[in-house]
Amino acid sequence: MTEDLIPNDPLESLVRRYRQQPKSLSKQVRAQQSLRLLVEQDWPSGLKLPSHRRICSALGLARNTLAGAINTLVEDGLLVTGHGQGTWTHRPPSGSVLPARPALDGLSGRARELLSQPGAAEVQSGAFVPGIPDIAQFPMRKWRQLYTSVTVPQNALLLSYSTGGYGPLKRAIRDFLRRWRHFDCDPEQIIITEGTHNGLELCALALADAGDRVVMESPCYWGARNVFTACGLTLEMLPWYPGGGHRGEAQPSPKLLYFTGSQHYPLSVPTSRADKETLSQRLSPDYIIEDDYEFNGQRDTRLVFDPRSQKHILAGSFSKLLFPGLRLGYLVIPHHLAATISRLRSEVFREGRMLDQAVLATFIANGDLDLWYQRIQKEYLARQQVMHDQLRQVPAITQLSAPSHAISLCVQFADSVDDILITRQLFREHFIVKPLSAVCAAGDRRSGLIMGVGMLNRESLRKEAIRFRDVLRRLTV
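With the first letter of the sequence shown counted as 1, position 76 gets the number 76 in the UniProt record's numbering; the numbers rise by one all the way through.
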């Protein structure tokens, strides 16, 4: 630092908070989260921040890095600025911890239903945030080189619309699925989507009408639940227990039956092929959608998907394998529906992202995806083992998902524990997790926490895991 800090100076507390942030996060994210916590918990409303020059000097930040962090908090209403005058805190009302839910007046019934229930986390970075892979170690230099290689004058057609997806990418995905999922499909069965949500929405639009029923497992993947709700489908949820199968009753012949893939999300345990087949036979749905959301590299796949079937659909995404901002995924559709659904996609959503598709196709075809996944899944397993060693020391935890190659893990408490309250209390300690009860059916009283290991490297993970263990012990006494 270039100048001494005086006692009780806001800069001193900012430096202290900044040093507590995981070093695996970018400097902008660390500054943003430090300021957010101080405004919400420590500083009074109306406090003038030190000059940007002093903050940058104390934290070792570039001016544009700090400006990005401050602009985000200005948009969130936590800071206010006056041109040439400075920046002041705007503390939320007492008792406010998480960002407020949006007003629901004037919205459609579907929108109100969606926004009234938990969904995507308002904070998408931080210790143990679920659903985010390790983006810090991703080979971005290689990705940039591939992007440069496809953006040459003779590839001008990549600036146009696509129909069903870029052909070389579809062939690369076919080969990838053959290696990792052990089935053969034709490229014509593959439709490129903008992530899993877009693929599920396309299935709902093509195969079901408003009011038709879709059966899902409880606990469920919130994203699929929200997509089906937005499409006006009627949801029925059946609790699934590892080793105990599906419990409860659902009316037969639903339009859609939805499963997660070989790794259950959010329980973060291997799914059961036998349980899926039993429920499919009992309900006899028109279509079965399997969502490979939490890709698990185990080669003994637990999918029931059959590319030769007339009722099975596989949805996949590269958001968890590579990085969330890519927003590219795929559907594998029965032969007799593929051309029709591909046309529907073009009519409703249009299609583009050809440059990104070309880069991804080359990344897969060159073997870079396999090399990256083989490397990072070992890292995820090591991080899961660190978390498992610490969390099993918390007496309140009744069940703990076994270490795996996935980015998510799940802990369960006794049914009487208020996991939503615990989630909010953990947020005050800057732990970003999701409550399990929020994605369970009304009669499913399971309580717990959904967590991720993607945002912390091993050194910072061990420190945060110990701190998390101690905080959770205190909250669950």
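Each residue gets a CB set at the ideal place from its N, CA and C atoms; glycine is no exception.
Straight-line Cα distance separating residue j from residue i
i: GLU40; j: PRO168; result: 49 Å
i: LEU202; j: HIS336; result: 16 Å
i: GLY454; j: LEU73; result: 24 Å
i: MET140; j: PHE323; result: 10 Å
i: GLU464; j: PRO239; result: 32 Å
i: ASP76; j: GLU429; result: 19 Å
i: LYS170; j: GLU294; result: 21 Å
i: ILE55; j: ASP9; result: 12 Å
i: GLU277; j: HIS246; result: 11 Å
i: HIS197; j: TRP43; result: 39 Å
i: ASP444; j: GLY248; result: 10 Å
i: GLU351; j: SER149; result: 22 Å
i: residue 487; j: GLN399; result: The requested residue 487 does not occur in the structure, where the chain is confined to residues 1 to 477.
i: LEU371; j: GLN20; result: 33 Å
i: GLY106; j: ARG112; result: 9 Å
i: GLN374; j: ARG174; result: 19 Å
i: ASP306; j: GLY195; result: 21 Å
i: PRO99; j: VAL29; result: Residue placement at PRO99 is poorly supported in this model, since its pLDDT is 49, which falls under 50; the coordinates still yield a value, given next. Cα to Cα, PRO99 sits roughly 17 Å from VAL29.
i: LYS378; j: LEU25; result: 20 Å
i: SER108; j: ALA208; result: 20 Å
i: LEU475; j: SER346; result: 51 Å
Whole-Å CB distance - residue i paired with residue j, under 8 Å assumed
i: GLY329; j: ALA339; result: The Cβ separation is near 19 Å, so there is no contact.
i: LYS142; j: GLY86; result: That pair is no contact at about 43 Å.
i: ILE450; j: LYS320; result: About 14 Å; that fails the 8 Å criterion.
i: LEU436; j: LEU344; result: Contact flag wrong, Cβ pair sits at about 35 Å.
i: LEU472; j: VAL394; result: 5 Å
i: LEU78; j: ARG17; result: Not quite, the Cβ-Cβ distance comes to about 14 Å (not below 8 Å), so this is no contact.
i: ASN296; j: SER416; result: With 8 Å as the limit, ASN296 and SER416 do not qualify as a contact, their Cβ atoms being about 32 Å apart.
i: SER309; j: LYS23; result: Actually they are not in contact, since the Cβ atoms of SER309 and LYS23 sit about 48 Å apart, beyond 8 Å.
i: residue 478; j: PHE431; result: With the chain represented from 1 up to 477, any question about residue 478 goes unanswered, as that position is not in the structure.
i: ARG469; j: LEU409; result: So it is not a contact: roughly 13 Å between Cβ atoms.
i: ILE288; j: HIS264; result: Contact doesn't hold; Cβ gap of about 16 Å is too wide.
i: GLY46; j: THR89; result: 7 Å
i: LEU114; j: ASN226; result: 5 Å
Contact under 8 Å by Cβ, residue i with residue j
i: PRO219; j: GLU236; result: no
i: HIS182; j: THR271; result: no
i: SER34; j: LEU14; result: yes
i: GLN251; j: ARG282; result: no
i: GLY448; j: ASP419; result: yes
i: PHE318; j: GLU290; result: no
i: ALA69; j: GLN32; result: yes
i: LEU200; j: GLY261; result: no
i: ALA361; j: ALA172; result: yes
i: PRO133; j: VAL433; result: no
i: ALA230; j: ARG110; result: yes
i: SER280; j: SER401; result: no
i: ILE333; j: GLN137; result: no
i: LEU256; j: PRO285; result: yes
i: VAL439; j: PRO242; result: no
i: ARG178; j: ASP186; result: no
i: PHE176; j: ILE364; result: yes
i: GLY232; j: GLY211; result: yes
For residue i, the first and last residue of its enclosing alpha helix (DSSP H)
i: SER346; result: 335–349
i: residue 480; result: Because the chain is modelled from 1 through 477, residue 480 falls outside the range shown and cannot be assessed.
i: GLN33; result: 27–37
i: ILE190; result: Premise fails: ILE190 lies in the beta strand (DSSP E), 190–193, not in any alpha helix (DSSP H).
i: residue 494; result: No answer is possible for residue 494: the residues shown for the chain start at 1 and end at 477.
i: CYS56; result: 52–59
i: CYS203; result: 196–207
i: THR229; result: 222–230
i: THR151; result: Unbroken run through THR151: none, as it is neither H nor E.
i: SER13; result: 10–20
i: PHE427; result: 419–428
i: GLN41; result: Taken as a continuous stretch (DSSP letters only), GLN41 belongs to no alpha helix (DSSP H), as it is neither H nor E.
i: SER408; result: Careful: SER408 lies outside any alpha helix (DSSP H), inside the beta strand (DSSP E) at 408–413.
i: GLY109; result: 109–115
Endpoints, beta strand (DSSP E) assigned at residue i
i: ARG213; result: 213–218
i: GLY243; result: First-last for GLY243: undefined, no H or E at that position.
i: ALA315; result: 312–317
i: ILE288; result: 287–291
i: TRP88; result: 86–89
i: TYR166; result: Neither: TYR166 is in no beta strand (DSSP E) and is coded neither H nor E.
i: THR362; result: Element bounds for THR362: not the beta strand (DSSP E) but the alpha helix (DSSP H), 354–365.
i: TYR330; result: 329–332
i: GLY68; result: Run containing GLY68: none in the beta strand (DSSP E); it sits in the alpha helix (DSSP H), 63–75.
Residue i at chain B interface by Cβ criterion, 8 Å
i: ARG53; result: In the structure shown, chain B cannot be found, because there is only a single protein chain.
Check: residue i C-beta below 7 Å from any heavy atom of the ligand ATP
i: LEU344; result: Looking for the ligand ATP in the displayed structure turns up nothing, as the structure carries no ligands at all.
Does the segment 381–388 touch the segment 190–197, meaning 3 or more C-beta pairs lie closer than 8 Å? no
For the segment 217–231 and the segment 354–369, state whether three or more C-beta atom pairs, one from each stretch, are separated by less than 8 Å. no
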